[in-house]
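Heads up: the structure comes next, in structure tokens.
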Amino acid sequence: MDNSEIRSAVQAGLSAGKANFIENGGAYAIVPDGAELSDLERFMPAPAYAKASVSARTVQALIDYTNRHRTPATSIFADVEAGSVEAVIDFVTAENAPAHKANRIRYSAPFSEEWKRWTSISGKPMNQEAFATFIEENREDVVTPDGATMLELAKTLDAKKKVTFKSGIRLENGSVTLDYTDDTTATGGISGKLPIPTEIELGVPVFYGGDRYKITAFFRYRINEGKLVMWIDLHRIKHIRDAAFSDIIAAVAEAVSDVPVYEAAIDG
């Protein structure tokens with residue numbers, strides 16, 4: 002191999018390993034041994050652009066992060082069905098130029114413990130004792146009637162768990178009275194009436210850390226061979242859940258001014 006051939010080989014090797022810079026991006030080089038593409042960003046003083054995928058634990062965290070890092074390219078997406086709000090700091094510029102979509106923060110609204118407890122039993126029949134226990138343990142969530150009345154109802158239901166129920170009568174004021182006979186040895190077949198409400202009003206937060214919303218809970222019952230089965234049906238819970246999430250969207254839109262908020266899902 003003569004000198005010119007050696008110089009050509011050296012120059013080819015140098016060219017193969019030359020760094021190539023991409024506008025608004027990183028630096029890359031094609032190196033020998035299979036022409037592998039190598040990212041040289043780790044050797045640069047700073048990354049070409051911010052990369053972060055943040056999970057916010059609160060709405061305020063999403064607001065603070067977005068206000069701290071927002072640019073004219075920032076957009077916010079609120080997915081009502083998923084219950085999530087995501088801010089993409091580098092989405093599309095004001096001039097509609099593409100951006101990397103690499104810096105983003107998402108808040109997935111978690112349901113409150115109160116909401117989960119009540120919705121988990123909605124529409125599910127329970128025996129008298131289980132229903133009484135649930136009402137006693139969660140009476141603080143009841144707005145109407147007051148907690149003392151609900152506690153008394155729970156204690157009465159628990160005390161009457163061995164009686165034989167006959168029928169239910171709806172009164173003019175809308176309440177229901179259940180007729181029963183106590184056939185235990187101590188009482189010797191005493192008849193009585195057990196009044197129960199037809200509905201109660203709850204005040205519970207839908208999402209963790211959020212405001213409380215009024216929810217109507219209908220009392221339902223069934224008498225099966227003298228045994229009382231009870232449950233509740235929560236009224237329009239999908240509507241209440243969507244309203245609570247809409248309030249989150251409104252709070253974000255107000256706190257992060259001049260950033261567009263879309264009620265839409267974003268995939269990529």
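Take 2 as the starting number for the sequence shown in the working numbering and just add one per residue.
Just so you know, even glycine gets a beta-carbon here, dropped at the ideal spot from N, CA and C.
Collapsed DSSP secondary structure at residue i in the structure displayed
i, result
"Lys117", "helix"
"Phe132", "helix"
"Gly124", "coil"
"Asn139", "coil"
"Ala10", "Since pLDDT at Ala10 reaches only 49, below the 50 mark, its modelled position is unreliable, and the value read off the structure follows with that caveat. Ala10: helix per DSSP, three-state reduction."
"Gly84", "coil"
"Ala256", "helix"
"Ile90", "coil"
"Ile241", "helix"
"Gly18", "Low per-residue confidence applies at Gly18: pLDDT is 49, beneath 50, and the placement is therefore not dependable, though the value from the model is reported in the following sentence. DSSP places Gly18 in coil when its eight states are reduced to three."
"Ile267", "coil"
"Arg71", "coil"
"Gly227", "coil"
"Asp159", "helix"
"Tyr209", "coil"
"Ala1", "Nothing about residue 1 can be reported from this structure: the residues present for the chain run from 2 to 269 only."
Reference residue i, options the options, closest by Cα
i, options, result
"Ala57", "Val253, Asp180, Gly227", "Val253"
"Phe220", "Leu179, Lys161, Asp268", "Leu179"
"Phe112", "Gly211, Leu235, Val230", "Gly211"
"Arg242", "Trp116, Ile170, Tyr181, Pro196", "Trp116"
"Ser76", "Arg105, Leu158, Lys161", "Arg105"
"Thr59", "Phe208, His101, Ala265, Glu153", "Phe208"
"Pro73", "Tyr66, Arg118, Thr94", "Thr94"
"Lys163", "Val177, Ser176, Glu130, Val143", "Glu130"
"Lys194", "Glu153, Asp183, Ala79, Asp234", "Asp183"
"Lys102", "Ile90, Leu235, Ile191", "Ile90"
"Pro146", "Glu202, His70, Asp234, Thr134", "Glu202"
"Ile197", "Arg213, Arg69, Ile233", "Ile233"
"Tyr263", "Ala79, Arg69, His236", "Ala79"
"Ile191", "Ile216, Thr165, Glu138", "Thr165"
"His70", "His240, Ala51, Phe135", "Ala51"
"Ile136", "Ala218, Thr67, Ala110", "Ala218"
"Arg237", "Gly204, Ala98, Ile250, Ile216", "Ile216"
"Ile64", "Ile267, Tyr108, Arg213, Gly204", "Tyr108"
"Asn128", "Val143, Lys228, Ile267, Lys239", "Lys228"
"Ala62", "Asn97, Ala110, Ala100", "Ala110"
Cross-strand partners of residue i (DSSP beta bridge)
i, result
"Asn104", "Ala53"
"Ile249", "Looking at the DSSP assignment, Ile249 forms no beta bridge with any residue, so it has no partner."
"Ala218", "Ile201, Leu235"
"Val60", "In the DSSP output, where bridge partners are listed per residue, Val60 has none listed."
"Asp180", "Ser168, Lys194"
"Val262", "Ile77"
"Thr145", "Glu202"
Near the ligand ADP: residue i beta-carbon under 6 Å from a heavy atom
i, result
"Asp180", "As presented, the structure is devoid of all ligands, the ligand ADP included, so that no description of it is given."
Nearest-angstrom beta carbon gap, residue j and residue i [assumed within contact, 8 Å]
i, j, result
"Val230", "Thr199", "Not a contact, Cβ separation roughly 16 Å."
"Leu152", "Phe132", "14 Å between Cβ atoms; not a contact."
"Arg140", "Ala160", "About 16 Å; that fails the 8 Å criterion."
"Val55", "Tyr66", "6 Å"
Three CB pairs or more closer than 8 Å across the region 122-134 and the region 257-268: Output reads no: the region 257-268 does not touch the region 122-134.
Cβ pair count under 8 Å reaching 3, the region 244-253 against the region 76-94: With a cut-off of 8 Å, the region 76-94 and the region 244-253 count as touching, because enough Cβ pairs lie within range.
Sufficient close CB pairs (3 or more, under 8 Å) joining the region 218-238 to the region 155-175: Under the Cβ criterion (8 Å, minimum of three pairs), the region 218-238 counts as touching the region 155-175.
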